[in-house]
Amino acid sequence: MSIELVLKYLTSPNFLRGAEMTLLLTLAALVFGILIGLVLALIQESQTRIGTVVTVAYLWLFRGTPVLFQIIFIYNVLPSFGIRLSAFVCAVLALSLNEGAYMAEILRSGLQAVKKGQRTAGLALGMTGTQMLRYVVIPQAARIVLPPIGNQMIGMLKLSALVSVIAVEELLLVANQAASADFRYFEALTAAGIYYLAMTTVFMGLQIVMEIVLDPKKRRGMRRLSLTDRMLRTSKILAVR
Amino acid sequence: MPHLLEIVGINKSFGATQVLKTCTLAVDPSETVVLIGPSGSGKSTLLRCVNLLETVDSGDIFFEGENITRARRTAHLLRRQIGMVFQNFELFAHLSAAENVMLAPVKILGVSRADAHDIAIDLLRKVQIPEKADAFPDELSGGQQQRVAIARALAMRPKLMLYDEPTSALDPEMIREVLDVMATLSAEGMTSIVVTHEMGFARRAADRIVFMEHGEIIESAPSDQFFGGTVNDRTRRFLDQILH
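Going down the list, the protein sequences come from chains A and B.
Under UniProt numbering, the residue at position 134 of the first sequence is numbered 134, and the numbers go up by one with no gaps.
Under UniProt numbering, the residue at position 198 of the second sequence is numbered 198, and the numbers go up by one with no gaps.
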């Protein structure tokens with residue numbers, strides 16, 4: 001294996017653009033996926049019959065077929081109905097619709113984990129339904145859904161490689177093209193692997209930061225740390241005197 | 001003096017079971033009414049009807065002379081004037097004790113965080129746990145949680161306090177600290193309706209005792225008369241049971 005070649009791939013504009021595309025696909029699909037999931041979860045929360053039918057049908061459809069199938073289907077079948085979208089838009093659309101189904105279940109579990117008594121307590125204080133959701137339910141649900149959403153984030157990063165089948169120039173496609181052009185599979189794929197691991201590492205770090213931000217006790221722990229820090233500093237000043 | 005709260009002939013059914021049968025009750029300002037009766041007699045439901053957490057099937061409820069029975073759209077405005085304390089405390093798990101007390105004044109009334117914090121510390125002092133202001137609910141004992149819950153309800157400056165079996169989920173040694181806070185509030189003139197099995201508290205703090213059974217108000221008597229012995233047969237049977 002040639003380390004120089006790996007470095008050359010790593011710094012090549014093609015790989016960089018491929019990694020950017022992977023990141024963009026992942027983030028776009030996650031944002032739209034969470035939005036779709038939130039809408040579905042709130043519809044289910046409202047417990048209307050038609051809402052339940054719609055969400056169950058949605059989950060059945062998008063969890064019941066392979067993502068790869070959905071990507072190919074959207075890319076190849078929509079044009080025959082006169083809907084022409086770029087490969088990138090098709091990719092984001094397919095990944096978001098699929099992600100929405102999983103996010104819906106995660107968010108629903110988070111909302112349901114906040115017990116009824118907590119909602120009643122919010123209402124009894126005189127909150128409106130919206131205030132109660134915003135100040136009582138969602139802050140508690142957010143902490144619960146963070147670990148599974150972290151899973152989904154990392155899962156999506158890897159899932160995005162599938163859209164290479166509709167010729168979206170993401171990381172894996174770029175690496176594969178470079179490899180077959182130069183017959184240097186080991187180096188090209190190593191470079192792609194390093195990019196994937198780097199992005200995964202950033203996502204994991206992001207999850208840890210989010211967990212600290214959302215956990216009031218961990219936040220307080222940090223405040224305490226700065227307090228001891230301050231005390232240490234004052235004791236140093238005293239020592240100087 | 002006009003009644004603060006007047007419940008007139010309310011009925012309420014859950015499916016086929018009628019849990020409230022033509023209940024009528026009036027509560028005057030500064031009065032403490034203790035609601036007793038066997039489990040399933042409708043005490044909690046009656047309490048939840050008062051702040052519209054449950055809707056009644058028929059009958060009327062007046063608060064400060066205004067008929068609130070069907071005010072579903074403005075229920076949140078009514079609830080701001082009525083504090084409620086629950087059997088399981090229901091402190092907001094993601095907030096510290098002080099933040100639990102501050103939440104409603106800040107988010108509902110628009111009080112500044114600094115002012116709300118002062119209010120919270122004052123109220124925590126009133127319920128005897130100012131030192132726990134920064135503790136989270138799962139770091140507090142049941143008795144402490146319940147006292148924070150009382151402070152949280154008081155932060156909205158309610159005209160009426162509803163206590164739904166506030167000591168039923170507590171270990172015996174913690175019941176006293178909660179009842180003491182409630183008795184002090186009552187003595188200071190806070191109008192209260194208390195659902196409880198604590199007859200000691202009823203004897204100490206109640207102005208009037210109301211006995212319910214099978215969804216009916218069987219008896220409503222001033223507490224000295226009630227404990228003086230001139231009570232109805234069904235009430236006596238219940239009292240004999242709970243006093244062993």
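Note that the Cβ used here is the ideal one computed from N, Cα and C, for glycine as well.
A quick note: this is a predicted structure, and the numbers were derived from the prediction, not measured.
Would residue 182(A) be called buried (16 or more neighbouring beta carbons within 10 Å of its own) or exposed? Result: exposed.
Determine, using beta carbons only, whether residue 217(A) comes closer than 8 Å to chain B. At least one CB of chain B lies nearer than 8 Å to the CB of residue 217(A).
Runs of 4 residues minimum, wholly inside the segment 79-151 of chain B: which ones carry the alpha helix (DSSP H) assignment? For secondary structure counted as the alpha helix (DSSP H) over 4 or more consecutive residues, the segment 79-151 of chain B holds these complete runs in sequence order: 97-107 and 113-126.
Mind listing the chain A neighbours of residue 141(B)? Cutoff is C-beta to C-beta under 7 Å, in chain order. Result: empty, since nearest Cβ-Cβ is about 18 Å, beyond 7 Å.
For a test of the three-state rule: what should DSSP assign to residue 189(B), helix, strand or coil? Shown here, residue 189(B) sits in coil according to DSSP, grouped into three states, outside any helix or strand.
From the beta carbon of residue 96(B), is the nearest beta carbon of chain A less than 8 Å away? So yes, residue 96(B) belongs to the interface.
Please check if any C-beta of chain B sits within less than 8 Å of the C-beta of residue 113(A). With its beta carbon at least 8 Å from every one in chain B, residue 113(A) lies outside the interface.
Are the CB atoms of residue 188(A) and residue 179(A) within a distance shorter than 8 Å? In contact: residue 179(A) and residue 188(A) (Cβ atoms closer than 8 Å).
Cα-Cα separation between residue 235(A) and residue 96(B), rounded to whole angstroms: Any reading at residue 235(A) must be qualified, since the residue scores a pLDDT of 44, below 50, and its modelled position is unreliable; the value itself is stated next. Each residue's Cα considered, the two are about 30 Å apart.
Is DSSP giving residue 167(B) helix, strand or coil here? The answer is coil: DSSP assigns residue 167(B) none of H, G, I, E or B.
Cross-strand partners of residue 26(A) (DSSP beta bridge): DSSP lists no partner for residue 26(A).
Is there a Cβ of chain B sitting closer than 8 Å to that of residue 127(A), yes or no? For residue 127(A), the closest Cβ of chain B is nearer than 8 Å.
Compile a chain-ordered list of the residues in the segment 125-151 of chain A whose CB is closer than 8 Å to at least one CB of chain B. Residues of the segment 125-151 of chain A with a C-beta atom less than 8 Å from some C-beta of chain B are 125, 126, 127, 128, 131, 135, 136, 139, 140 and 143, listed in chain order.
Closest Cα partner of residue 219(B) within the set 211(B), 112(B) and 191(B): When only C-alpha atoms are compared, the closest one is 211(B).
Starting from residue 32(B) and walking both ways along the beta strand (DSSP E), at which residues does that stretch end? Per DSSP, residue 32(B) belongs to the beta strand (DSSP E) from 32-36.
How would you list, in chain order, the residues of chain A whose beta-carbon sits under 7 Å from the beta-carbon of residue 255(B)? No information on residue 255(B) is available, as it lies outside the stretch 1 to 244 that chain B covers here.
Reducing DSSP to helix, strand and coil, say where residue 223(B) ends up. Three-state DSSP puts residue 223(B) in a helix.
CB-CB under 8 Å to residue 213(B), same chain, minus the five flanking residues each way: which ones, in chain order? Cβ-Cβ distances below 8 Å link residue 213(B) to 37, 38, 41, 234 and 238 in the same chain, with the five nearest sequence neighbours on each side left out; the list follows chain order.
Quick one, which residues of the segment 97-121 of chain A are near chain B if we go by CB-CB under 7 Å, in chain order? Under the 7 Å Cβ criterion, the segment 97-121 of chain A contributes 117, 118, 120 and 121.
Beta-ladder partner(s) of residue 32(A), from DSSP: None; residue 32(A) has no bridge partner.
For residue 154(A), which residues of its own chain have a beta-carbon under 8 Å away from its beta-carbon, when the five flanking residues on both sides are left out? Around residue 154(A): 200, 203 and 204.
Under 7 Å Cβ-Cβ, which residues of chain B neighbour residue 16(A)? Listed by position along chain B, the residues whose Cβ is nearer than 7 Å to that of residue 16(A) form an empty set, because the closest Cβ is around 41 Å away.
Return helix, strand or coil for residue 44(B), following the three-state DSSP convention. Correct three-state label for residue 44(B): helix.
Here's the rule I'm using: 16 or more other beta-carbon atoms within 10 Å means buried, otherwise exposed. How should residue 127(B) be labelled? So residue 127(B) counts as buried.
8 Å Cβ cutoff, residue 107(B) in contact with chain A: Yes, residue 107(B) counts as interfacial toward chain A.
For residue 233(A), is the classification buried or exposed, using 16 other Cβ atoms within 10 angstroms of its Cβ as the cut-off for buried? Reliability of the predicted coordinates at residue 233(A) is poor, the pLDDT of 48 falling under 50, and the value obtained from them is presented with this limitation in mind. So residue 233(A) ends up on the exposed side.
Residue 177(B) at chain A interface by Cβ criterion, 8 Å: Judged by the 8 Å Cβ criterion, residue 177(B) is not in contact with chain A.
On the criterion of 16 or more Cβ atoms from any shown chain inside 10 Å, does residue 79(A) qualify as buried, or is it exposed? Answer is exposed; the Cβ neighbour count stays below 16.
Would you verify that the beta carbon of residue 202(B) is, or is not, closer than 8 Å to some beta carbon of chain A? Taking Cβ atoms only, chain A never reaches closer than 8 Å to residue 202(B), which makes this a no.
Relative to the C-alpha of residue 40(A), which residue among 23(A), 28(A), 62(A) and 168(A) is closest? When each option's Cα is compared against that of residue 40(A), the closest is 62(A).
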